[in-house]
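Here is the structure we will look at, set down as structure tokens.
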Amino acid sequence: MLGLDRLFIRSLNHVLRQSPWACERLRAHAGAVVALQGGAMHIHYQIQNDGLTALADPSSQPTVTVSLPNDFPAKALVDRERLFATARLQGAVDVAETLAFVFRNLSWDAEGDVARLIGDIPARRFRLLAQGLNRALLRGGRSLAENITEYSVEEAALLPSAHEVSEFSAAVNGLRDDLARLEKRFGRL
7 MLGLDRLFIR SLNHVLRQSP WACERLRAHA GAVVALQGGA MHIHYQIQND
57 GLTALADPSS QPTVTVSLPN DFPAKALVDR ERLFATARLQ GAVDVAETLA
107 FVFRNLSWDA EGDVARLIGD IPARRFRLLA QGLNRALLRG GRSLAENITE
157 YSVEEAALLP SAHEVSEFSA AVNGLRDDLA RLEKRFGRL
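The numbering of the sequence shown is the numbering used here, which starts it at 7 and goes up by one.
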């Protein structure tokens with residue numbers, strides 16, 4: 007895991023260097039240790055005096071623990087808002103609030119990094135192509151999920167339809183009410 011730890015820290019510091027406002031906010035919490043946990047990943051890092059991060063001793067007591075769901079890599083790529091909604095922070099409130107604000111508003115300037123390699127215009131076109139591909143993949147994934155759901159409900163009858171679920175719920179509610187009336191009758195005897 008040491009390689010993953012170092013890659014994470016290098017990537018995080020790269021993005022932080024692109025956002026001086028984030029380093030400035032983190033600088034106020036220099037020395038704080040953050041334990042990042044998600045799936046098989048467990049990374050301890052420390053906020054440095056310049057607002058960047060460095061690996062911390064895994065046995066050190068964390069100031070804040072950030073727990074991510076097991077599927078966090080997919081959520082990070084597809085839906086960052088849902089990822090932030092499912093993240094759990096424990097520890098010092100002021101550090102946790104700062105981390106939440108920074109990570110919610112931090113973004114990677116991928117186009118700028120690619121522009122240094124291939125130039126501004128190709129980098130812009132590459133970003134537009136990547137955005138279009140991302141939209142197409144999301145649209146295709148949604149369409150696939152809708153088709154599978156429709157097949158499962160309508161064709162194969164593997165899942166009940168919404169109408170069948172509401173009928174079943176109404177029948178259960180009616181049975182519950184009938185049972186309550188019967189219990190009252192027995193109580194009167």
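For glycine and all other residues, C-beta sits at the position ideal for the given N, C-alpha and C.
- [ ] Determine the direct distance from the alpha carbon of L143 to that of E30, and round the result to whole angstroms.
- [x] 37 Å
Open item on the list: When you measure from the CB of H48 to every non-hydrogen atom of the ligand MG, does any distance come out below 7 Å?
Closed with: No copy of the ligand MG appears in this structure; indeed no ligand is present at all.
TODO: Since I believe E117 is in contact with R141 (beta carbons under 8 Å), could you give me their beta-carbon distance rounded to a whole number of angstroms?
DONE: At roughly 17 Å, the Cβ-Cβ gap does not stay under 8 Å, so R141 and E117 are not in contact.
Task: Beta-carbon proximity of V39 to T59, cut-off 8 Å - done: no
Open item on the list: If you measure between the beta carbons of L32 and T104, is that distance less than 8 Å?
Closed with: yes
Open item on the list: As an exercise, report each continuous alpha helix (DSSP H) stretch of at least 4 residues that is fully enclosed by the segment 116-169, in chain order.
Closed with: 116-124, 126-156
TODO: Inspect the beta-carbon positions of S66 and H50 and report whether they are closer than 8 Å.
DONE: yes
- [ ] Report all residues from its chain with a CB closer than 6 Å to the CB of D115; omit the five preceding and five following residues, and keep chain order.
- [x] Q24
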